[in-house]
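First the structure, in the form of structure tokens, and then the observations on it.
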Amino acid sequence: MKRFWCLFFMIWPVLALYVCWIAPSMGWWFPFTGPTGMKAASPLGERIDDLFYMILYITTATFVGTQIALGYVLFKGAAATDEGNTEKAWYSHGSHNLEVIWTIVPACVLLFIALYQMDVWAQYRVKDSFPSETKQGAIAEVTARQFEWRIRYPGLGPDGKPLPLMPEPQPTDLYTVNDLHAVVGKAVMIILETQDVQHSFFLPELRVKQDAVPGLDIPVWFKASKSGDYTLLCAELCGWGHYKMKARMVAETEDKYLEFLQNLTKSQNYDGVPETPAEGAPVASAAE
Amino acid sequence: MRSKLVALVLCSGMLFVCGCGRTEPQFSYREGLSPRVQEYVRTTVDEKFGTPHKIRVWDKLPIQAHTALATVGEGSKDNSLVVDISGASRPIEPGTEVVWVGGTIMPRGSAPVTVEAFTKDKNLLSLVAAPPAAPKAGDKIVIGPGQTLTHGRLLYAEHCQHCHGVAGDGQGPTAPYLNVRPRDYRKGLFKFTSTKEGMKAHRSDLARVIEDGIPGTYMPSFKLLKPEESHAIIEYVLFLAMRGESEFQMNNLLASDYSDASVANRIKDGETQEKVIEEFVTRVKEGEIDEEVNQRNEKMIADWVSAQAEDAVIVPKEKRNASDEESIKRGRELYLSGNLNCVACHGESGLGDGVQTYSVTKNTDTGKDNVEPGLYDTWGNKLKPRNLRLGMYRGGRRPIDIYARIEAGIKGTPMPAFGAKLTEQQKWDIVNYVLELPHELRTPGTGVAPASPATKPAPVATTAH
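Protein chains in written order, with the working numbering: chain A, 745 to 1032; chain B, 18 to 482.
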């Protein structure tokens, strides 16, 4: 019976390992509904995933090691109480050397992780390390609000190219709700704001998550590696309608993006008068 | 051990009683009528509209309640019909029920006939089994009876109900926490419409609000809904609006004689409670009240039908003129003019702080002075005239949206329709001015003055000594 319990307690770590092993292929860890499937949909996202897996490998090794040690101790203890065993209990005040080892080794591991991830962190969050493409300025201002995303794009200039985004609203600006468009394969920056409480700008497929904080204009950049529709969620419990706060991010080619802005300009300036009145329409004949 | 067991049993018992109980959603009703009269109103409304779980499709209502309506055409065989679809509101999927309207093909109690497949380009509807009798050309059929409304009800419960309430009364559980109150549909009135003065909302107006939300209020955008989902919600909201309005009309009709207050007055004047009720019962029996109610329903239905017509939508007769300095200046002059008197509510600088916001106003229903000064809407909520400098346009920011506000007003609010008072170009001038206001940083009307270097002040010290 003793050995049954030893085995019973050893089954769980094995099961945990198995579940972790199959998790990626089952889509339990990362969102997998986007255009790129299980893979992160941005280059930085892939590096973030690599970091995740590296930490996972370290913790797995630690976990396996400690579980084997635990199993060894369990079986040894079980054997010690077998009938006819004459081994005596022994007393210990601990081992100084061992304690030094298990303090220094994890400290080194943590220090390694801290240093190893700095580059990714800087690229992700420190504005000076943003890709040079984002230096041209933000493509849109995304304002979170209970419970939707309001987006302000700069309008198109006379040359047909988007104007620079100004901090204050301009008469030429274009507006959408819950519909963020960006050029695929290009690092783009948005300015994140909130009108009311804290929200969080979350593009799960691109592994981008940034809190929107009242009073702050926060630059966020991302680069979608494949065109298609991505999910944009709020990842900060912001009130009773938090679950509603879902939008889409459309990554598309430069041409399509400009076309989108052109259509937006057209619909936003729509004055309700049909473009070309049909021939012989009453309006035209009355004017004659 | 024993006390723990008792505690466990008690806890799970509590959970069973309180936590797992389910209450059926119920439509709410207006109150204030004498109980017997109230009962009459309730039964009449329920007869026509049903309950949330048993919706009745009153076929007089201009609602697309079914998946599709169709007429059987020539060349139909037993279970393969050539159909002429007249009103399709959603895709026809296999398994959808088909019902014959009138005729003897499907007697009461016969097994339902369902769709096996629908070929759209050939208009061919194949059924799983042949109907009990051979279909004839010209038979009218309903595909998916009431399906749009049922789907709409589920989506409404998921997305809308917690603010707008089960019956669309704007009294959902989250409503008390919102400081722009959710719309009460039960007057059949929606504020931001593209239709002409005094007309009800067009379907596309509801669609736009669902898609884009209303900035400045708690109504969020539901852009990610599929078109048929948004359509189903709109039909259900229209259904609730018509149900509510029908009840509202009945209450209005009966309130003068049978509201709690009028009955109390009549008793004071010497009548007895029994007499009053008896009089009501005879009036119902003679059909007098039913007839009156029917007339009002007919009018409501006609109003909704006419609002969906093509000519109900406002189309400016002339194109918008360029938003240049001249036009904006003219717009501002009109804005300030005594004729239009925009400033009375929106204020001279467009901040929404006109004198009306602190004047005693009259209640639109009772005609008496409101207790608190300020502006009110038809629903009795206190209103702030829009601050035009925020660049936040609840009914949409397209020029046509603002044109429609000026042309037809905002329904249910003190914002009047100016359509008859202005020429086309004048309306566009005001639109241009309103769109310019948020970007005007200094002197109203002049735009942003170019910066000029400060002049050196004249020396003052020389004459002092």
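Beta carbons are placed, not taken as given, at the ideal position from N, Cα and C, and that holds for glycine.
Environment of K292 of chain B [buried if 16+ CB atoms lie within 10 Å]: Taking the first residue of the second sequence as position 1, residue 292 of chain B is located at position 275. Under this definition K292 of chain B is an exposed residue.
Spatial distance of L454 of chain B from R283 of chain B (CA atoms): Translated into positions along the second sequence, residue 454 of chain B becomes position 437. Translated into positions along the second sequence, residue 283 of chain B becomes position 266. The straight-line gap from Cα to Cα measures roughly 56 Å.
Bridge-paired residues (DSSP) for A421 of chain B: For this step, residue 421 of chain B is matched to residue 404 along the second sequence. DSSP lists no partner for A421 of chain B.
Spatial neighbours of V952 of chain A in its chain, beta-carbon cut-off 6 Å, leaving aside the 5 residues before and after: As a position in the first sequence, residue 952 of chain A is number 208, starting the count at 1. For V952 of chain A, the CB contacts under 6 Å within the same chain, skipping 5 residues up- and downstream, are F966 in chain order.
Beta carbon of M754 of chain A nearer than 7 Å to that of G821 of chain A: Position 10 of the first sequence holds residue 754 of chain A. Position 77 of the first sequence holds residue 821 of chain A. Contact flag unset, no.
Pairwise C-alpha distance: T210 of chain B and R170 of chain B: In the second sequence, counting from the first residue as 1, residue 170 of chain B sits at position 153. In the second sequence, counting from the first residue as 1, residue 210 of chain B sits at position 193. Cα to Cα, R170 of chain B sits roughly 23 Å from T210 of chain B.
Cutoff 7 Å: Y897 of chain A Cβ touching any chain B Cβ: The residue labelled residue 897 of chain A in the question sits at position 153 within the first sequence. Cβ-Cβ to chain B under 7 Å: no for Y897 of chain A.
Residue from B:T395, B:E343, B:T472 and B:N358 with nearest C-alpha to D446 of chain B: Within the second sequence, numbered from 1, the residue matching residue 446 of chain B stands at position 429. Measuring from the Cα of D446 of chain B, the nearest candidate turns out to be B:E343.
is_contact[M31 of chain B, chain A] using C-beta, thresh 7 Å: Position 14 of the second sequence, counted from the first residue, corresponds to residue 31 of chain B. For M31 of chain B, the answer is no, since every Cβ of chain A falls outside 7 Å of its Cβ.
Per DSSP, the bridge partner or partners of S786 of chain A: Translated into the one-based positions of the first sequence, residue 786 of chain A becomes position 42. Partner(s): none; S786 of chain A has no beta bridge.
Beta-carbon proximity list for N140 of chain B, same chain, < 8 Å, skipping 5 on both sides: Stepping through the second sequence from its first residue, residue 140 of chain B is reached at position 123. Answer for N140 of chain B: G90, V99, V100, D101 and I102, listed in chain order.
Supposed contact pair P232 of chain B and M432 of chain B - C-beta distance, whole angstroms, cut 8 Å: As a first step, residue 432 of chain B must be located in the second sequence, where it is residue number 415. As a first step, residue 232 of chain B must be located in the second sequence, where it is residue number 215. Incorrect: roughly 17 Å between the Cβ atoms, too far for contact.
Proximal residues of chain B, C-beta to C-beta of Y816 of chain A below 7 Å: Residue mapping note: residue 816 of chain A aligns to position 72 of the first sequence, counting from 1. Those within 7 Å of Y816 of chain A in chain B number zero; the least Cβ separation is about 37 Å.
Counted within 10 angstroms of its Cβ, other Cβ atoms place D222 of chain B as buried (16 or more) or exposed: In the second sequence, residue 222 of chain B corresponds to position 205, counting from 1. In the assembly as shown, D222 of chain B is a buried residue. Its beta-carbon has 16 or more other beta-carbons within 10 Å.
Chain A contact for H456 of chain B (CB, 7 Å cutoff): Sequence index remark: in the second sequence, residue 456 of chain B carries index 439 (1-based). Answer yes: the Cβ-Cβ gap between H456 of chain B and chain A drops below 7 Å somewhere.
is_contact[G1016 of chain A, chain B] using C-beta, thresh 7 Å: As a first step, residue 1016 of chain A is located in the first sequence; it is residue number 272 there, counting from the start. Taking Cβ atoms only, chain B reaches closer than 7 Å to G1016 of chain A, which makes this a yes.
Selection of the segment 1003-1014 of chain A by Cβ proximity to chain B, strictly under 8 Å: Closer than 8 Å at the C-beta level to chain B, one finds these residues of the segment 1003-1014 of chain A: S1011, Q1012, N1013 and Y1014.
CA nearest to the CA of E949 of chain A, picked from A:M782, A:M862 and A:M770: In the first sequence, counting from the first residue as 1, residue 949 of chain A sits at position 205. The shortest C-alpha to C-alpha distance from E949 of chain A to any of A:M782, A:M862 and A:M770 is the one to A:M782.
Minimum C-alpha distance to K990 of chain A - residue among A:C978, A:E998, A:G881 and A:D999: The count along the first sequence starts at 1 and reaches residue 990 of chain A at position 246. With distances taken between Cα atoms, K990 of chain A lies closest to A:C978.
G408 of chain B: contacting residues in chain A (beta-carbon distance under 7 Å): Counting from one through the second sequence, the residue named residue 408 of chain B turns up at place 391. Simply P913.
Neighbouring residues, chain B, relative to E892 of chain A (Cβ below 8 Å): For the purposes of this step, residue 892 of chain A is identified with residue 148 of the first sequence, where counting begins at 1. The answer, in chain order, is G230, P237 and S238.
C-beta neighbour in chain A for P79 of chain B, strict 7 Å: Here residue 79 of chain B refers to the residue found at position 62 when the second sequence is read from its first residue. No, because no Cβ of chain A sits closer than 7 Å to the Cβ of P79 of chain B.
Exposed unless 16 or more other CB atoms sit within 10 angstroms - verdict on I848 of chain A: Position 104 of the first sequence, counted from the first residue, corresponds to residue 848 of chain A. By the neighbour-count definition (other C-beta atoms within 10 Å, threshold 16), I848 of chain A is an exposed residue.
Chain-ordered chain A contacts of L241 of chain B [CB-CB under 8 Å]: Position 224 of the second sequence, counting from 1, holds the residue named residue 241 of chain B. Within chain A, the C-beta atoms nearer than 8 Å to that of L241 of chain B come from N922, K990, A991 and R992, in chain order.
Residues that Y919 of chain A bridges to, as DSSP identifies them: Along the first sequence, read from residue 1 onward, the residue named residue 919 of chain A stands at position 175. In the DSSP assignment, Y919 of chain A is bridged to A:R896.
Status (buried if at least 16 other CB within 10 Å, exposed otherwise) for V1027 of chain A: Translated into the one-based positions of the first sequence, residue 1027 of chain A becomes position 283. Confidence in V1027 of chain A is poor, its pLDDT being 44 and thus under 50, which makes the residue's placement unreliable; the coordinate value appears in the next sentence. Result: exposed.
Alpha-carbon to alpha-carbon, W75 of chain B and V183 of chain B: Here residue 183 of chain B refers to the residue found at position 166 when the second sequence is read from its first residue. Here residue 75 of chain B refers to the residue found at position 58 when the second sequence is read from its first residue. Between the alpha carbons of V183 of chain B and W75 of chain B lies a gap of roughly 19 Å.
Neighbour list for I294 of chain B in chain A, Cβ cutoff strictly below 7 Å: For the purposes of this step, residue 294 of chain B is taken as residue 277 along the second sequence, with counting starting at 1. Residues of chain A with a Cβ closer than 7 Å to the Cβ of I294 of chain B do not exist; the shortest Cβ-Cβ separation is about 45 Å.
Residues near A1031 of chain A by beta carbon distance below 6 Å, same chain, minus five either side: Counting from one through the first sequence, the residue named residue 1031 of chain A turns up at place 287. At A1031 of chain A the pLDDT is 36, less than 50, meaning the model places this residue with poor confidence and gives no usable figure here.
Where T460 of chain B falls, given that 16 or more other Cβ within 10 Å makes a residue buried: Within the second sequence, the letter at position 443 stands for residue 460 of chain B. Its pLDDT being 49, under 50, T460 of chain B is placed unreliably by the model, and nothing is read from it.
Cβ-based neighbour list, P963 of chain A, same chain, cut-off 7 Å, excluding 5 preceding and 5 following: The residue given as residue 963 of chain A occupies position 219 in the first sequence. For P963 of chain A, where only same-chain residues beyond five positions count, the Cβ hits under 7 Å are K871, A882, M933 and I935.
Segment limits, beta strand (DSSP E) that includes V115 of chain B: Your numbering for residue 115 of chain B matches position 98 in the second sequence. Where V115 of chain B is concerned, the enclosing beta strand (DSSP E) stretches over E114 to W117.
Start-to-end residues for the beta strand (DSSP E) that takes in K240 of chain B: Locating residue 240 of chain B in the second sequence gives position 223, counting from the first residue. Unbroken run through K240 of chain B: none, as it is neither H nor E.
Beta-carbon separation (whole angstroms), S969 of chain A vs G929 of chain A, contact threshold 8 Å: As a first step, residue 969 of chain A is located in the first sequence; it is residue number 225 there, counting from the start. As a first step, residue 929 of chain A is located in the first sequence; it is residue number 185 there, counting from the start. About 6 Å separates the Cβ atoms of S969 of chain A and G929 of chain A, confirming a contact at the 8 Å cut-off.
As assigned by DSSP and simplified to three states, the class of V957 of chain A: Against the first sequence, residue 957 of chain A aligns to sequence position 213. Looking at V957 of chain A - three-state DSSP - the assignment turns out to be coil, as it is neither helix nor strand.
Distance, G104 of chain B Cα to E877 of chain A Cα: The count along the first sequence starts at 1 and reaches residue 877 of chain A at position 133. The count along the second sequence starts at 1 and reaches residue 104 of chain B at position 87. Their backbone Cα atoms lie some 51 Å apart in a straight line.
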